[in-house]
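Following my numbering, the numbering of the sequence shown begins with 1 at its first residue and continues without gaps.
The C-beta atom is built at its ideal place from N, Cα and C for all residues, glycine as well.
Data first, discussion second: the structure below is written as structure tokens.
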Amino acid sequence: GEWRWSPVSSCSKLSRGDKLKLSIANLKRHYVVGYADKLEEFIKALEKKFPDFFRGASETYDRMKLERIEEKKLNIERGNHPGYVLPNPTSQKFIERRQDLDVQFYKVGKAQADELIEACNQV
């Protein structure tokens with residue numbers, strides 16, 4: 001089938017499962033996604049898959065990364081480093097139950113990114 005825009009009101013009549021299926025179909029047809037854990041690999045894959053658009057992206061990212069590292073070092077030296085709080089296991093389980101479809105959608109996007117990275121590494 002062909003993707004078609006539809007007003008939100010027509011989507012509100014769909015079940016949660018049908019909304020997930022529609023979202024996954026649109027993701028697979030229209031988007032290329034990556035995720036932070038493999039950002040550098042993903043950028044390199046984009047350079048190979050879409051060289052006209054992403055040529056030089058790795059070098060740009062490397063420069064930005066070095067700038068960010070220097071910025072973090074300065075913040076630590078100045079005592080301005082933010083702390084990070086992770087949710088406790090009970091809260092984590094609650095979030096996972098409430099966002100079950102989000103987690104399923106994320107896994108599809110992650111798998112798509114992994115497939116792209118793997119395919120570009122074989123070239």
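Through-space distance from residue j to residue i, alpha-carbon basis
i           : j           : result
residue 17  : residue 38  : 29 angstroms
residue 91  : residue 51  : 43 angstroms
residue 119 : residue 78  : 44 angstroms
residue 30  : residue 71  : 36 angstroms
residue 110 : residue 19  : 19 angstroms
residue 27  : residue 104 : 13 angstroms
residue 68  : residue 12  : 42 angstroms
residue 21  : residue 15  : 10 angstroms
residue 23  : residue 75  : 40 angstroms
Supposed close pair residue i, residue j - CB separation, criterion 8 angstroms
i          : j           : result
residue 47 : residue 57  : 5 angstroms
residue 45 : residue 116 : 5 angstroms
Of the residues the options, the one placed nearest residue i, counting alpha carbons only
i           : options       : result
residue 107 : 35, 89 and 87 : 35
residue 59  : 43, 49 and 74 : 43
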